[in-house]
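Novice: Numbering (this note's numbering), first residue to last: 21 to 603. All residues carry an ideal CB built from backbone N, CA and C; glycine is no exception.
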């Protein structure tokens with residue numbers, strides 16, 4: 021059946037009793053659509069009662085919160101959660117005892133909380149597999165190693181699932197992100213899949229339940245215990261999945277099992293925004309998704325941005341046979357997206373002068389984007405400092421935790437600040453809420469005085485004097501003392517921001533997905549300038565930059581290397597872009 025157009029997110033579907041697949045582009049109002057459709061189901065369905073509810077699955081906790089707010093009072097009649105929370109609550113926790121193989125002790129299942137191995141345990145894993153050189157010789161911060169381990173997924177190979185790094189992704193640490201660099205399998209810098217296996221085993225030893233294991237064991241249960249499929253269908257006659265283009269093959273297989281009968285499944289997504297291949301998401305799973313008698317729809321409206329930016333977004337789709345969007349906002353001024361020739365720093369200053377608003381700088385590779393945005397920042401130096409913190413045992417742990425608490429205080433996130441302080445004090449005994457608050461207040465009231473001073477002064481004169489965290493003293497001529505003299509508190513805080521993949525105005529494109537900003541500046545690397553000339557959304561890298569562009573509400577610019585500007589001028593339509601070739 022041909023796709024049916026919905027001009028607005030407020031348009032109803034033909035029926036609430038049919039499987040559906042809805043394609044909705046950026047800014048189309050997907051959350052509004054889901055909320056309205058769920059409310060309609062609650063009003064019209066005759067298959068719901070106290071023990072039978074509607075289930076809504078979203079990709080992130082932020083998405084859960086946004087949908088709950090949009091549902092209002094109706095949220096009490098709907099199960100809104102991430103896929104991990106849903107399966108843990110309704111499949112794994114009640115029925116894990118039915119599994120033939122279970123890695124934890126008998127009749128025990130860990131809570132679903134984000135837990136990690138500590139630094140020593142991670143090092144043990146790397147030593148066992150010969151990958152410890154990544155930390156000790158290549159000086160890769162442990163944070164990057166942990167991030168790589170947390171990216172491991174269950175990958176389908178020849179009909180079976182294996183716990184591995186996604187092929188040619190996430191495993192190379194300290195290398196570039198180009199296609200060429202990712203082809204260097206087996207060279208220094210690559211984590212072995214053997215480390216992935218041992219990481220999982222070590223987590224099981226420490227009674228840590230991996231989020232990916234929640235998906236895997238739930239799949240095994242539903243596949244081997246058909247009765248459980250019936251139970252889930254009986255509890256949830258309707259199941260709707262947002263951001264479906266981001267689901268993995270394993271998650272998709274679970275939905276296929278549940279959608280065979282009785283349960284109505286609706287999926288919402290956009291193939292043009294499928295940018296998580298490195299996590300196991302496959303755009304082909306989205307394109308090929310089908311259930312018996314499923315209806316297909318698409319929303320053409322773009323509510324986020326004005327017509328000049330929407331025209332450019334439609335231009336990027338031109339070779340993809342993808343539906344185009346219709347803006348509801350006109351472009352009253354000449355606000356065409358810019359293509360700026362120059363360095364990222366120069367482009368930022370130009371945009372800042374022209375727009376006079378906070379600008380979100382987006383790039384694919386975080387370290388490279390930060391260095392280009394602010395050449396004074398030496399990311400390698402930041403990495404060196406973070407690595408030193410990791411090796412400075414108790415003192416490094418206390419400093420890192422306090423820096424994180426300061427950043428939380430700056431965001432007025434006091435619960436997070438309290439959590440950070442309790443975490444760094446955990447090994448030295450219990451600390452009360454009152455003591456923690458006193459420490460945070462002391463930190464909040466003093467850190468600005470030391471902002472531009474070496475961190476050793478802040479540590480010695482403030483942190484060491486707070487007996488709460490039992491911070492070891494620093495001998496003046498020691499190696500740690502010299503290291504902490506080399507970096508200011510300001511740069512130490514920047515290193516923690518960089519560790520979290522956020523630095524001032526800079527974010528990765530992936531971290532910005534699902535968000536929006538008034539003004540966006542996209543850094544286009546040399547090997548991807550073809551995106552502006554011959555866009556092809558069948559390529560993941562092109563989809564990544566499409567997503568970056570689609571975050572903008574008012575102003576959009578692309579920064580390119582000057583040596584490509586003449587080629588771009590020959591190909592690009594001046595009606596779409598305003599090309600700035602001299603700043």
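1) Of all the alpha helix (DSSP H) runs that stay within the bounds of the segment 200 to 268, which reach a length of 4 or more residues?
2) Going by the beta-carbon positions, is the gap between residue 293 and residue 322 smaller than 8 angstroms?
3) Using the rule of at least 16 other Cβ atoms within 10 Å of the residue's Cβ for burial, across every protein chain shown, is residue 629 buried or exposed?
4) Helix or strand or just coil, what does DSSP make of residue 45?
5) Terminal residues of the continuous alpha helix (DSSP H) containing residue 439?
6) Give every residue of the same chain whose Cβ lies closer than 8 angstroms to the Cβ of residue 272, excluding the five residues on either side of it in the sequence, and list them in chain order.
7) What does DSSP give as the partner residue(s) for residue 543 in the beta ladder?
8) Helix or strand or just coil, what does DSSP make of residue 381?
9) Can the beta-carbon of residue 565 be found closer than 8 angstroms to that of residue 542?
10) Out of 278, 382 and 364, point me to the one whose CA is closest to residue 248's CA.
11) Just to confirm my understanding: we take residue 44, look at its own chain, exclude 5 residues before and 5 after, and list those with CB closer than 8 angstroms. What are they?
12) Please state whether DSSP places residue 574 in a helix, a strand or coil.
13) In three-state terms, what does DSSP make of residue 516?
14) Could you tell me which of 603, 388 and 227 sits nearest to residue 124, measuring between CA atoms?
15) Would you say the segment 73 to 92 touches the segment 252 to 262, given that touching needs at least three Cβ pairs under 8 angstroms?
16) Measuring alpha carbon to alpha carbon, tell me which residue in 186, 93, 110 and 40 is nearest residue 72.
17) Exposed or buried, what is residue 376 when buried is set at 16 or more other beta-carbons lying within 10 Å of its beta-carbon?
18) Considering only heavy atoms of the ligand SAM, does any lie closer than 7 angstroms to the CB of residue 290?
19) Going residue by residue through the segment 46 to 90, where are the continuous beta strand (DSSP E) segments of at least 3 residues, counting only ones entirely within it?
20) Could you tell me the distance, in whole angstroms, from the CA atom of residue 434 to the CA atom of residue 428?
21) Rounded to the nearest angstrom, what separates residue 602 and residue 393 at their Cα positions?
22) As a quick exercise: from 559, 562 and 568, pick the residue whose alpha carbon is nearest that of residue 538.
23) Would you call the CB atoms of residue 528 and residue 300 closer than 8 angstroms?
24) Tell me the rounded alpha-carbon separation between residue 122 and residue 216.
25) Please name the residue or residues paired with residue 523 in a DSSP beta bridge.
Specialist: With the given structure in hand:
1) Complete alpha helix (DSSP H) runs here, min 4: 213 to 225, 231 to 244 and 246 to 255.
2) Contact: no.
3) As shown, the chain starts at 21 and ends at 603. That puts residue 629 outside it, with no answer to give.
4) Looking at residue 45 - three-state DSSP - the assignment turns out to be coil, as it is neither helix nor strand.
5) Membership of residue 439 in the alpha helix (DSSP H) is indicated by the continuous run 434 to 445.
6) Contacts found: 305 and 309.
7) Assignment of beta-bridge partners to residue 543 by DSSP yields 579.
8) Residue 381: strand per DSSP, three-state reduction.
9) In this structure, the beta-carbon distance from residue 565 to residue 542 falls below 8 angstroms.
10) Nearest Cα to residue 248 within the set 278, 382 and 364: 278.
11) Excluding residues within five positions, the ones whose Cβ falls inside 8 angstroms are 29, 50, 53, 288, 289, 290, 318 and 319.
12) If DSSP states are grouped into helix, strand and coil, residue 574 belongs with the strands.
13) Residue state, collapsed to three classes: helix.
14) Checked all of 603, 388 and 227; the closest Cα to residue 124 is 227.
15) Yes, the segment 73 to 92 is in contact with the segment 252 to 262.
16) Nearest C-alpha to residue 72 among 186, 93, 110 and 40: 110.
17) Residue 376 is exposed by the Cβ-count criterion.
18) In terms of ligand content, the structure shown is empty, and the ligand SAM therefore cannot be addressed.
19) Listed in chain order, the beta strand (DSSP E) elements of length 3 or more contained wholly in the segment 46 to 90 are 74 to 78.
20) Counting only the Cα atoms, residue 428 lies some 7 angstroms from residue 434.
21) Roughly 18 angstroms separates the two Cα atoms.
22) Per the Cα distances, 568.
23) Between residue 528 and residue 300, the CB-CB gap reaches or exceeds 8 angstroms.
24) Computed Cα separation, rounded: 18 angstroms.
25) The partner list for residue 523 (beta bridge, DSSP) reads 526.
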